[in-house]
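Trainee: Can you keep this structure in mind? I'll have questions shortly.
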Amino acid sequence: MPIRTSGGSRQGDFPIFLDRQSALDIGAFVVDDVDISPGTAIPSDGDRRIDHALQGFFFTCGPDHIRHPEPIEGDGEGRMFPLHGSLCGTPVGRTDMSGPGEPPGCFAETEVQLAQGGTALVSRRWTISADAAEVVLSDRITNTGDAPFAPMLMYHMNIGGWLLGDETHVTGTMFGEERRGWRFGEGESAHFCMPAAPTAKDGWAWVVLGPFDALSGRSLIVRFSTATLPFLQMWRCQRGSADVISIEPVSHRIARRTELAAAGEMPLLSPGETIDYALAFQIR
20 MPIRTSGGSR QGDFPIFLDR QSALDIGAFV VDDVDISPGT AIPSDGDRRI
70 DHALQGFFFT CGPDHIRHPE PIEGDGEGRM FPLHGSLCGT PVGRTDMSGP
120 GEPPGCFAET EVQLAQGGTA LVSRRWTISA DAAEVVLSDR ITNTGDAPFA
170 PMLMYHMNIG GWLLGDETHV TGTMFGEERR GWRFGEGESA HFCMPAAPTA
220 KDGWAWVVLG PFDALSGRSL IVRFSTATLP FLQMWRCQRG SADVISIEPV
270 SHRIARRTEL AAAGEMPLLS PGETIDYALA FQIR
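Residues in the sequence shown are numbered from 20 upward in steps of one, following our numbering.
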């Protein structure tokens, strides 16, 4: 199910393939006839949902848990929150393409069964900016269950590492004037998580990965609202056959759920309440 963006002032038609079998995440993202997603060049944690999602350009972690499995609080049966939460791998309930006179894009609703019981509705809208250069995502999470839960969300934008070169760097609002090499950290795999540092103008942060040798010097530019995504996480893995780097706007710092709750960083979403998330990206 494709939607299309462009290179803005540069020529190009960049199709994005939305995945109805996984909450309308993004599988392939084709730029200059090159799919920038990592495909099978990923590590595996043994979860088929995540293996499928990680092969694509974009997948959503949440809405009840992020990162690696942890025990469900107060559960006497020893159950765990699943790897990257419950949404990934959930088929979309309905989709609507935009109509005449509306910005190009697509709307979808996905009902997700939460690990600790209850349900949530993910209302997702993808739109293309007026100049067709930027893809914009608006997500709303509604607690449709009978009990409160603590919403958590992380978006993963995954890129094949072989597309990058010696001149590829990471810059952004959270780095000040620093230009970081894309092979950050030590060893074959590394990650970091830091406050996102929004701009005073609109409360959004931005991060740029580029230039890409394989994309004629273009870069990937990601913007996100820090109102509910106050951190930037990044991860890379160049181990064995895996070669991937990921930009990951996220709702929570790296810490155990119990530590986050004790610090007051796990507010509850009551039945009927909603919470909104937003980001945008482009190749330029």
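C-beta: ideal position from N, C-alpha, C; glycine also.
Please read all numbers here as calculations on a predicted model, not as lab measurements.
Where DSSP assigns a beta bridge to residue 263, which residues make up the other side?
Mentor: Beta-bridge pairing links residue 263 to 179 and 256.
Trainee: Report the rounded CA-to-CA distance for residue 259 versus residue 235, giving the unit in angstroms.
Mentor: So the alpha carbons of these two residues sit roughly 27 Å apart.
Trainee: Between which two residues does the alpha helix (DSSP H) carrying residue 69 extend?
Mentor: Start and end: 67-73.
Trainee: Select from 148, 130, 132 and 38 the residue whose C-alpha is nearest the C-alpha of residue 305.
Mentor: Since the displayed the chain opens at 20 and closes at 303, residue 305 lies outside it and no answer follows.
Trainee: Whether or not the stretch 122-141 and the stretch 69-76 are in contact is what I'm after, with contact meaning three or more pairs of Cβ atoms, one per stretch, closer than 8 Å; do they touch?
Mentor: The stretch 69-76 is not in contact with the stretch 122-141.
Trainee: Look at the alpha carbon of residue 51 and the alpha carbon of residue 232, and state the distance between them as a whole number of angstroms.
Mentor: Taking the straight line joining both Cα atoms gives about 12 Å.
Trainee: Does DSSP classify residue 186 as helix, strand or coil?
Mentor: Strand, per DSSP.
Trainee: Could you check if residue 289 is buried or exposed, using at least 16 other CB atoms within 10 Å of its CB as the buried criterion?
Mentor: Classification for residue 289: exposed.
Trainee: For residue 201, which option in 186, 214, 213 and 193 has the closest C-alpha, if you only look at C-alpha atoms?
Mentor: Per the Cα distances, 186.
Trainee: Our contact map puts residue 41 next to residue 78 with C-beta atoms below 8 Å; I'd like the distance itself, whole angstroms only.
Mentor: Contact flag correct, Cβ pair sits at about 7 Å.
Trainee: For residue 36 and residue 292, what's the separation of their Cα atoms in angstroms?
Mentor: Cα to Cα, the separation comes out at about 31 Å.
Trainee: Given that a residue counts as buried once 16 or more other Cβ atoms are within 10 Å of its Cβ, and exposed if not, what is residue 64?
Mentor: It is exposed - the Cβ of residue 64 has fewer than 16 other Cβ atoms within 10 Å.
Trainee: Could you tell me which of 102, 161 and 265 sits nearest to residue 129, measuring between CA atoms?
Mentor: Closest by alpha carbon: 161.
Trainee: What three-state label does DSSP hand residue 300 in the structure shown?
Mentor: Residue 300 falls in the strand class under three-state DSSP.
Trainee: Pick helix, strand or coil for residue 234, following the three-state DSSP scheme.
Mentor: DSSP places residue 234 in helix when its eight states are reduced to three.
Trainee: Among 45, 44 and 54, which has the Cα closest to the Cα of residue 182?
Mentor: When each option's Cα is compared against that of residue 182, the closest is 54.
Trainee: Cα-Cα, which of 98, 190 and 117 is closest to residue 133?
Mentor: Closest by alpha carbon: 98.
Trainee: Below 8 Å between beta carbons: does that hold for residue 215 and residue 245?
Mentor: The answer is yes: Cβ separation under 8 Å.
Trainee: As a quick exercise: from 108, 93 and 96, pick the residue whose alpha carbon is nearest that of residue 80.
Mentor: Of the candidates 108, 93 and 96, the one whose C-alpha sits nearest the C-alpha of residue 80 is 108.
Trainee: How many angstroms separate the CA atom of residue 303 from the CA atom of residue 91?
Mentor: Each residue's Cα considered, the two are about 42 Å apart.
Trainee: Could you tell me the distance, in whole angstroms, from the CA atom of residue 279 to the CA atom of residue 119?
Mentor: Going from the Cα of residue 279 to the Cα of residue 119 covers about 46 Å.
Trainee: Under DSSP, the alpha helix (DSSP H) around residue 278 begins and ends at which residues?
Mentor: First-last of the alpha helix (DSSP H) with residue 278: 276-281.
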